[in-house]
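Chemist: Handing you this structure, nothing more for now.
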Amino acid sequence: MSLTSRRPPNLLANFDSAIGNLNADSLALVLDFDGTLSEFVSVPEDAAIHPDALPELRQFAERLMLTAVVSGRAALDVQRRVGIEGVVYVGNHGAERIVDGVMTAESGATESEILLQYMLESLARAADDPGLAIENKRYSASLHYREASDESAVIERLKSALAGILDTAEFDIFWGNKLLEIRIRNGVNKGVALDWLIEKWRPSRVVFLGDDTTDADALQALQRRKASGAIDGIGIAVIQDGTPDSVFDSADYSLNGV
Numbered sequence: 118m119s120l121t122s123r124r125p126p127n128l129l130a131n132f133d134s135a136i137g138n139l140n141a142d143s144l145a146l147v148l149d150f151d152g153t154l155s156e157f158v159s160v161p162e163d164a165a166i167h168p169d170a171l172p173e174l175r176q177f178a179e180r181l182m183l184t185a186v187v188s189g190r191a192a193l194d195v196q197r198r199v200g201i202e203g204v205v206y207v208g209n210h211g212a213e214r215i216v217d218g219v220m221t222a223e224s225g226a227t228e229s230e231i232l233l234q235y236m237l238e239s240l241a242r243a244a245d246d247p248g249l250a251i252e253n254k255r256y257s258a259s260l261h262y263r264e265a266s267d268e269s270a271v272i273e274r275l276k277s278a279l280a281g282i283l284d285t286a287e288f289d290i291f292w293g294n295k296l297l298e299i300r301i302r303n304g305v306n307k308g309v310a311l312d313w314l315i316e317k318w319r320p321s322r323v324v325f326l327g328d329d330t331t332d333a334d335a336l337q338a339l340q341r342r343k344a345s346g347a348i349d350g351i352g353i354a355v356i357q358d359g360t361p362d363s364v365f366d367s368a369d370y371s372l373n374g375v
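For what it's worth, our numbering labels the leading residue of the sequence shown as 118, then goes sequentially.
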């Protein structure tokens, strides 16, 4: 975190004033998965919900009007890793949603999906590092260089390759915590996903937790709704090694990661 960024006050040290008397019947809890409910791991496929978080999340799902996990992972993937009935699973930053076991998804991305696969193959060749882990999630992809033999070299190779193959009319890119995110430009992000959840469930208060670049979209969406007087809520920045300034700048409180 840079010296100019504001680290929000710790949630636990201000718990009573932050949480107050919450009405579970009108409260929505929305969480990121990687880095928030799960620890960062060297192989993305090995990620699992933290054992201490599992029983707590199950209780929230039983008591609150809405408990949702909003992830960059595919919705079915994050549902498999959490595995709690009653939780709403939003995947691919909002492009996929599972509610009561029924999944809906954005349509019309077939051509872009083919282009995305081509880009991933090209970027893998350019990076030339066995430590680069690639997740193709249909509507988006993540390239994790946490285990790369030379992170700086891999980043430069990826940037150079992107300059030659990226179609900025079709894709958005984001540099997160030791990863490159490529997303088909379909008008969705975690902020749009949070807006959709609020419009559908109509909670009076929302609590959102996240730790990385794409979570800032949801934190900012929550702040906009609070500023308009439409809703109450708190945004919580989960502190990890590499949590970007945009997350801290958009949050009300902070909390150490799992």
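Just so it is clear, CB atoms sit at the ideal spot from N, CA and C, and this is done for glycine as well. Bear in mind that the values here come from a model prediction, so they are computed numbers and not experimental data.
Could you have a look at residue 235 and say whether DSSP puts it in helix, strand or coil?
Modeler: helix
Chemist: Report the rounded CA-to-CA distance for residue 214 versus residue 242, giving the unit in angstroms.
Modeler: 33 Å
Chemist: Three-state secondary structure (DSSP) at residue 204?
Modeler: Three-state DSSP puts residue 204 in coil, outside helix and strand.
Chemist: Among the residues of its own chain, which have a CB less than 7 Å from the CB of residue 201, if the five just before and after it don't count?
Modeler: 174, 175, 178
Chemist: Would you kindly work out how many angstroms separate the C-alpha atoms of residue 325 and residue 294, rounded to a whole number?
Modeler: 19 Å
Chemist: Looking only at DSSP bridge pairs, what is residue 370 linked to?
Modeler: DSSP output for residue 370 lists 353 as bridge partner(s).
Chemist: Leaving aside the five residues before and after residue 303 along the sequence, list all residues of the same chain whose C-beta is less than 7 Å from its C-beta, in chain order.
Modeler: 212, 223, 226, 256
Chemist: Here's the rule: buried if 16 or more other CB atoms are within 10 angstroms of the residue's CB, otherwise exposed. What is residue 160?
Modeler: exposed
Chemist: Look at residue 314 and residue 183 and say whether their C-beta atoms are less than 8 Å apart.
Modeler: yes
Chemist: Helix, strand or coil: how does DSSP classify residue 163 here?
Modeler: helix
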